[in-house]
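So for the sequence shown, our numbering puts the first residue at 505; every next one is plus one.
Below: the structure, in structure tokens.
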Amino acid sequence: MYRLVHSLTPLDRPRLGAHFVALDDTDRRLRFGGALPDDMLLDYVQGIDFSRDRVFAAFDSAFAVVAVAHLGIREGTAEIGLSVLPAHRREGLALRLIERCRRSAIAQGCGSLWVHFMSENQAMTRLTHKLGMSVTASQGEADARLTLPQVSALALGIDLYANQMDAMLGVLRHWTVRAA
Ligand SMILES: CC(C)(COP(=O)(O)OP(=O)(O)OC[C@H]1O[C@@H](n2cnc3c(N)ncnc32)[C@H](O)[C@@H]1OP(=O)(O)O)[C@@H](O)C(=O)NCCC(=O)NCCS
């Protein structure tokens, strides 16, 4: 099934929390570098600064988050953290999330896009290779990097439009679930 990728808003924090808490210890370690307990995952979600960073996700029919990318923006560079629930893997969701992150990072004037992962992570090794990212590995950890082009007026306009549409959908999602 083809799932759209949307930009999230602070209203989605409970959905994001439920997504991370649903990850098992192995996936928590691969995503966060350690098998964080539920309360630390919920603190992480509360700490996301939506005015600086971007969070993109795909939902199931009940608006549960099945895949998410947190795009952290710092001083001209962007870093992605990714997780996809096991039942929804190998559907191309990570690739689509990364593509949306790439466009968003370009629109925000970032010069490079990074993903940090453990070298043992076969899925990320294959995925970053498939995207043509340059990977450096050391002491069991790897950094994949993509150099980004300068933003064009068209790319900026498309990103702004997509974010506005998503913000509107975010409010509708919030009210639809509250009314159910
Ligand atoms: C890594 C992860 C995000 C991949 O998500 P996904 O949605 O299943 O990935 P995609 O379907 O977009 O796969 C894209 C490509 O990545 C590679 N890939 C993905 N999963 C793979 C696996 N288990 N084994 C080998 N290659 C894999 C393949 O090349 C795949 O293309 P293909 O299906 O055409 O062969 C997911 O497995 C996950 O959430 N893992 C736990 C958390 C984690 O490791 N996060 C990364 C650290 S930030």
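Cβ coordinates follow ideal geometry from the N, Cα and C atoms, glycine included.
ask   = Between THR530 and VAL655, what straight-line distance do the alpha-carbon atoms span, to the nearest angstrom?
value = The count along the sequence shown starts at 1 and reaches residue 530 at position 26. The count along the sequence shown starts at 1 and reaches residue 655 at position 151. When rounded, the distance between both Cα atoms is 37 Å.
task = Write down the C-beta distance between ALA561 and HIS510 rounded to the nearest angstrom, noting that I regard them as a contact closer than 8 Å.
result = Taking the sequence shown and counting its residues from 1, one reaches residue 561 at position 57. Taking the sequence shown and counting its residues from 1, one reaches residue 510 at position 6. So it is a contact: roughly 6 Å between Cβ atoms.
message = So for THR640, helix, strand or coil by DSSP?
response = Position 136 of the sequence shown, counted from the first residue, corresponds to residue 640. Strand, per DSSP.
task = Grab me the residues of VAL570's own chain with a C-beta within less than 6 Å of its C-beta, minus the 5 sequence neighbours each way, in chain order.
result = In the sequence shown, the residue the question calls residue 570 occupies position 66. Cβ within range, chain order: ALA562, ASP564, LEU589, HIS592.
query = How about LEU631 and ALA598: are their beta carbons less than 8 Å apart?
reply = Looking up residue 631 in the sequence shown gives position 127. Looking up residue 598 in the sequence shown gives position 94. It is a contact, given that the beta carbons lie within the stated cut-off.
query = Would you report the Cα separation of LEU673 and TRP618, rounded to the nearest angstrom?
reply = Indexing the sequence shown from 1 puts residue 673 at position 169. Indexing the sequence shown from 1 puts residue 618 at position 114. Their Cα atoms are separated by approximately 28 Å.
query = Taking the runs of the alpha helix (DSSP H) that are 4 residues or longer, which of them lie wholly in the region 534–622?
reply = 542–550, 597–611
message = Taking only three categories from DSSP, how would you classify LEU650?
response = Here residue 650 refers to the residue found at position 146 of the sequence shown. LEU650: strand per DSSP, three-state reduction.
inquiry  = Please classify LEU508 as buried or exposed, where buried requires at least 16 other C-beta atoms within 10 Å of its C-beta.
reply    = In the sequence shown, the residue the question calls residue 508 occupies position 4. Burial call: exposed.
key: Assigned exposure category for ASP663 - 16 Cβ within 10 Å defines buried   = Within the sequence shown, residue 663 is the residue found at index 159, counting from 1. Burial call: buried.
Candidates MET622, GLY644, LEU652, of which the one nearest GLY636 by Cα = Start at 1 with the first residue of the sequence shown, and residue 636 comes out as number 132. Closest option to GLY636, Cα to Cα, is LEU652.
inquiry  = Could you give the first and the last residue of the continuous alpha helix (DSSP H) run that contains PRO518?
reply    = Your numbering for residue 518 matches position 14 in the sequence shown. Run containing PRO518: 517–525, per the alpha helix (DSSP H) assignment.
request  = Taking PHE621 as the reference, give the member of LEU512, ARG535, THR513 with the closest Cα.
outcome  = Within the sequence shown, the letter at position 117 stands for residue 621. Minimum Cα distance to PHE621 is reached at ARG535.
message = Let's see if you can read the secondary structure: which residues bound the alpha helix (DSSP H) around MET505?
response = Position 1 of the sequence shown, counted from the first residue, corresponds to residue 505. No alpha helix (DSSP H) holds MET505; DSSP gives it neither H nor E.
Same chain only: Cβ atoms within 8 Å of GLU624, ignoring 5 sequence neighbours per side = Numbered from its first residue, the sequence shown carries residue 624 at position 120. Excluding sequence neighbours, GLU624 sits near GLY644.
inquiry  = Which residue marks the beginning of the alpha helix (DSSP H) containing THR629, and which one marks its end?
reply    = Residue mapping note: residue 629 aligns to position 125 of the sequence shown, counting from 1. Unbroken alpha helix (DSSP H) run through THR629: 626–634.
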